[in-house]
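**Q** After the structure tokens below, expect a handful of questions from me.
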Amino acid sequence: MTRWPELAVLDLLTATARTGSLTSAARELGIAQPNASRSVARLERRLGLTLLVRTHSGSTLSEAGQQLVELGAPLLEQAHTFLDGAQALASQASRQMEFAASQTIAEYLAPGWLAHLHQLDPHAGWHMRVTNSRTVIAQVLTHQVPVGFIETPDLPHGITSRTVRTDRLCVVVAPNHPWARRRRPLTLPELASTSLVVREMGSGTRETLDAALASPDAASPRLVLSSNQAVLGACAAGAGPAVLSELAVRGAVDQGRVRRVDLDEPDVLARQLRAIWIGRFPEPLARELVRIAAENSR
85 MTRWPELAVL DLLTATARTG SLTSAARELG IAQPNASRSV ARLERRLGLT LLVRTHSGST
145 LSEAGQQLVE LGAPLLEQAH TFLDGAQALA SQASRQMEFA ASQTIAEYLA PGWLAHLHQL
205 DPHAGWHMRV TNSRTVIAQV LTHQVPVGFI ETPDLPHGIT SRTVRTDRLC VVVAPNHPWA
265 RRRRPLTLPE LASTSLVVRE MGSGTRETLD AALASPDAAS PRLVLSSNQA VLGACAAGAG
325 PAVLSELAVR GAVDQGRVRR VDLDEPDVLA RQLRAIWIGR FPEPLARELV RIAAENSR
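Numbering (our numbering), first residue to last: 85 to 382.
Below you can see the structure in the form of structure tokens.
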């Protein structure tokens, strides 16, 4: 024999032994009678054995057929164990999902979403990639993840989005900075002409800030750092004013590490935090994540 017998035929013979006839076995397994007969005949030719006793009243197992069923019982048991395990793996895989989120969302919003999702479905697995908004968009466009969460105001063609929260950037300074004692709000031209501690290019925070302060006279950044905490740390140490999400500065403001400076046009630094995906609707797990994100961020 150069090929393995089909396990489905062995299953058919086992059902024949259990039910007493090939007709009953075919009915139990949902196989058309002619197809069942042809399958057994092919196996008989391959093995060189007569497996059925065929009469006008029907077909039953021969002595060789009975012996083959006994020999094949452990094999069928292992096959069923294999199929059950494969089904369990498939079910588990269907409840696993990887997604991407920009840093601010990943640090200050996503943990709450994931805790809520875990309460709803403890068996689902969520794997979050933390990066900046530009990279999140690239990962969604190249189908590396089914859904992403971004802060940037610019979306490329082909992306579907849903706003999950409105956010606002704010200005913070070290407690000993002159702006910490000013009585009147800061103007946008004053902010634009100041060298700031900022996030890297590609972050939604940086792109929102650059769009708001776009001016030929805008000052170059004093420091460019790739995380919210690094920007906050530099600002608190006296490196210069910083502009970050309200979400990112709240703890440092409450602790007195930095002071918030009012702007005369605060809405200029408002932005939408959005879920993004390809196509009309995201896949089921992604859709559930987007729904929870929108509901929990209100």
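For glycine and all other residues, C-beta sits at the position ideal for the given N, C-alpha and C.
1. Within a Cβ cutoff of 7 angstroms, which residues of the same chain sit near Ala163, ignoring the five residues on either side of it in sequence?
2. What residue ranges within the stretch 220 to 296 form continuous alpha helix (DSSP H) runs of no fewer than 4 residues, ordered along the chain?
3. Leaving out the 5 sequence neighbours to the left and right, which residues in its chain are closer than 8 angstroms to Arg252 when beta-carbon positions are compared?
4. So, with DSSP's three-state summary, where would you put Ile334?
5. Determine the closest residue to Ile376 out of Arg268, Arg249, Ala303, with distance taken between C-alpha atoms.
6. Can you give, in chain order, each stretch of the alpha helix (DSSP H) that sits fully within the stretch 144 to 217 and has at least 4 residues?
7. With a CB to CB cut of under 6 angstroms and the five nearest residues on each side skipped, what residues in its chain are close to Glu182?
8. Quick test of the definition: if touching needs 3 or more C-beta pairs under 8 angstroms, does the stretch 283 to 295 touch the stretch 150 to 161?
9. Give the C-beta separation of Ala323 and Leu307 to the nearest angstrom, bearing in mind that I take them to be a contact with Cβ-Cβ under 8 angstroms.
10. Runs of 4 residues minimum, wholly inside the stretch 94 to 127: which ones carry the alpha helix (DSSP H) assignment?
11. Count Cβ pairs between the stretch 263 to 282 and the stretch 298 to 317 that sit closer than 8 angstroms; are there 3 or more?
12. Could you spell out the range, first to last residue, of the alpha helix (DSSP H) harbouring Leu328?
13. Can you check DSSP and say which residues form a bridge with Leu309?
14. Just how far apart, CA to CA, sit Arg46 and Ala258?
15. When the Cβ atoms of the stretch 259 to 266 are set against those of the stretch 281 to 290, are three or more pairs found closer than 8 angstroms?
16. Leu347 to Glu235, Cα distance in whole Å?
17. Under 8 angstroms by Cβ, that's how I've got Leu97 and Leu135 pegged, so tell me the actual separation to the nearest angstrom.
18. By Cβ distance below 8 angstroms, which residues in the same chain neighbour Ala148 in space, the five residues on each side in sequence not counted?
19. Quick one: is Thr100 buried, meaning 16 or more other Cβ sit within 10 Å of its Cβ, or exposed?
20. How many Å lie between Arg315 and Gln339 at the Cα?
21. Rounding to the nearest angstrom, what Cα-Cα distance links Ile115 and Ala184 in this structure?
22. Going by DSSP, name the residue or residues bridged to Val345.
23. Label Asn119 either buried or exposed according to how many other C-beta atoms from any shown protein chain fall within 10 Å of its C-beta, with 16 as the threshold for buried.
**A** Reading it off the structure:
1. Leu91
2. 272 to 276, 288 to 296
3. Ser329, Glu330, Pro350, Asp351, Leu353, Ala354, Arg355
4. The question names Ile, but residue 334 is Arg in the sequence shown. Helix, per DSSP.
5. Arg249
6. 147 to 178, 187 to 192, 194 to 204
7. His211, Val229
8. no
9. 6 angstroms
10. The alpha helix (DSSP H) runs of length 4 or more contained entirely in the stretch 94 to 127 are, from start to end of the chain, 106 to 113.
11. Yes, they touch.
12. Secondary structure note for Leu328: it is in no alpha helix (DSSP H), and the uninterrupted beta strand (DSSP E) holding it is 326 to 329.
13. Arg283
14. The structure shown has nothing for residue 46, since the chain only spans 85 to 382.
15. no
16. 21 angstroms
17. The pair is a contact, with the Cβ atoms about 6 angstroms apart (cut-off 8 angstroms).
18. Leu133, Thr134, Leu135
19. buried
20. The sequence given here places Val at residue 315; Arg does not occur at that position. Looking at the two C-alpha atoms, the distance is approximately 16 angstroms.
21. 47 angstroms
22. Val255
23. exposed
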